[in-house]
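Worksheet for the structure shown next.
Residue numbers (my numbering): 103 to 493.
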């Protein structure tokens, strides 16, 4: 088939590689002059790593990223544990691959460029499609028409103009920045976090190195109400650094490297899912199909899994059968993680006084009683249910 992929992000690049392997003719449309990632660090869970292995990107990603085996969060004022999850309880070789988006993009881009049958159309902002029972065309903001194609894959992310998804904005987001990993007692194999009730969340994620650079990096994040970014900038860096290092003194060598507020990027989150992520010859993957808080660290993994499931469905079925099969294959995994994200997020990011008390005094102590630690490990690893169903 002739397939158009909208967006050269993680899901789009993965879909391009997998579908090119099956002999399809792929055209990727991206709005940037040179496709590039946006954002800081993330964690690729074991289920996502399997997809990276499918496309041949895992060795490069492992070389650039950093293996995380422990997620540890403490209440900042008391030092009590409120989050404690180990990756290797169920599988001694399991880990989270903490990596900068630019490094993950580089690994997927290099893997894709080993394939033939893929064309990149840059500086092309797709705004709409026109389809019938036989084909589909895509339109740009400059009124150019491309096609006809047999299928359009919408991998354009949360800002997709093609997705009919309806989402609910979440009350809290976060500011993110990338700095050098300093001399510190914070372990390199931890995702480390500190909380004050649910109104403050501070985190440090060791993310390995950037492409063409040396030395390890860290992603630093600070929870903020979604409407408070301008107020944060107005208050000044010194006020923020003083507050953060009072809560967590070990953060000082990380924050010392931040000298301009523009080094920290505001991320706002929303929650929503397409019950039917396809329409005739248009199919949505990644954030164009479902969005949630990053609390469970599954965002990029979901895009990778969507791409893999779609490619598997198309490999053994007609187009008319494949798109519903893709939707069925991803439905249970997506809905479970969406529900858990919806439930867990207010305990770590909200103005509630009751929820963090429930978290600290009841849920965390219960989480340390067998077999719940193993269940939490499977949740974080993405293996609680089969990620691609019967596919």
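A virtual CB, placed ideally from N, CA and C, is assigned to each residue, including glycine.
Review point. According to the neighbour-count rule (16 or more other Cβ atoms, all chains shown, within 10 Å of its Cβ), is residue 316 buried or exposed?
Key: exposed
Review point. Taking the C-alpha atoms as reference points, what is the distance between residue 372 and residue 295?
Key: 22 Å
Exercise for review: Report the partner residues of residue 381 according to the DSSP bridge assignment.
Suggested key: 384
Point to revise | Reduced DSSP secondary structure (H/G/I, E/B, other) of residue 159 | key: coil
Check your understanding: For residue 195, which of helix, strand or coil comes out of DSSP?
Key -> coil
Review point. Could you give the residue range of the beta strand (DSSP E) that holds residue 169?
Key: 168 to 170
Point to revise | Every unbroken alpha helix (DSSP H) within the stretch 177 to 254, with a cutoff of 4 residues, ordered by chain | key: 203 to 214
Review point. Nearest to residue 313 by CA position, among 301, 203, 257, is which residue?
Key: 203
Exercise for review: Please name the residue or residues paired with residue 321 in a DSSP beta bridge.
Suggested key: 280, 307
Review point. Where does residue 298 fall in DSSP's three states?
Key: strand
Practice item. May I ask you to verify whether the stretch 420 to 432 touches the stretch 368 to 387, counting CB pairs closer than 8 Å and requiring at least 3? Key: yes
Point to revise | Same chain, Cβ closer than 7 Å to residue 461, five either side skipped, listed in chain order | key: 184, 449
Practice item. Could you please give me the residues that DSSP links to residue 106 through a beta bridge? Key: 129, 254
Point to revise | With 16 other Cβ atoms within 10 Å as the buried cut-off, status of residue 156 | key: buried
Review point. Is the CB-CB distance between residue 128 and residue 220 below 8 Å?
Key: yes
Review point. Which value, in whole angstroms, describes the spacing of the CA atoms of residue 328 and residue 364?
Key: 17 Å
Check your understanding: So, using beta-carbon positions, are residue 105 and residue 253 closer together than 8 Å?
Key -> yes
Review point. Would a C-beta distance cut-off of 8 Å place residue 283 and residue 308 closer than the cut-off?
Key: yes
Practice item. Pair every Cβ in the stretch 414 to 426 with every Cβ in the stretch 141 to 152, then say whether three or more of these pairs are closer than 8 Å. Key: no
Point to revise | Euclidean distance between Cα positions of residue 386 and residue 340 | key: 43 Å
Review point. Residue 140 by DSSP, collapsed to three states: which one?
Key: coil
Check your understanding: Is residue 268 helix, strand or coil by DSSP?
Key -> coil
Review point. Taking Cβ positions, are residue 115 and residue 210 nearer each other than 8 Å?
Key: yes
**Study point:** Nearest candidate by alpha-carbon position, reference residue 161, set 120, 186, 213, 141
**Key:** 213
Check your understanding: So which of 231, 301, 259, 360 has the shortest CA-CA distance to residue 388?
Key -> 259
Practice item. Note down, in chain order, each residue of its chain lying with its Cβ closer than 6 Å to the Cβ of residue 248, except the 5 sequence neighbours on either side. Key: 240
Review point. Should the stretch 174 to 181 be called in touch with the stretch 223 to 239, which here means at least 3 C-beta pairs below 8 Å?
Key: no
Point to revise | Other residues of its chain near residue 466: CB distance less than 7 Å, five sequence neighbours each side excluded | key: 183, 184
Review point. Per DSSP, which one or two residues make a beta bridge with residue 373?
Key: 270
Point to revise | Alpha-carbon to alpha-carbon, residue 297 and residue 354 | key: 16 Å
Point to revise | Residue nearest to residue 368 in terms of C-alpha spacing, selected from 360, 330, 265, 478 | key: 330
Review point. Does the count of Cβ pairs from the stretch 133 to 144 and the stretch 116 to 123 closer than 8 Å reach three?
Key: no
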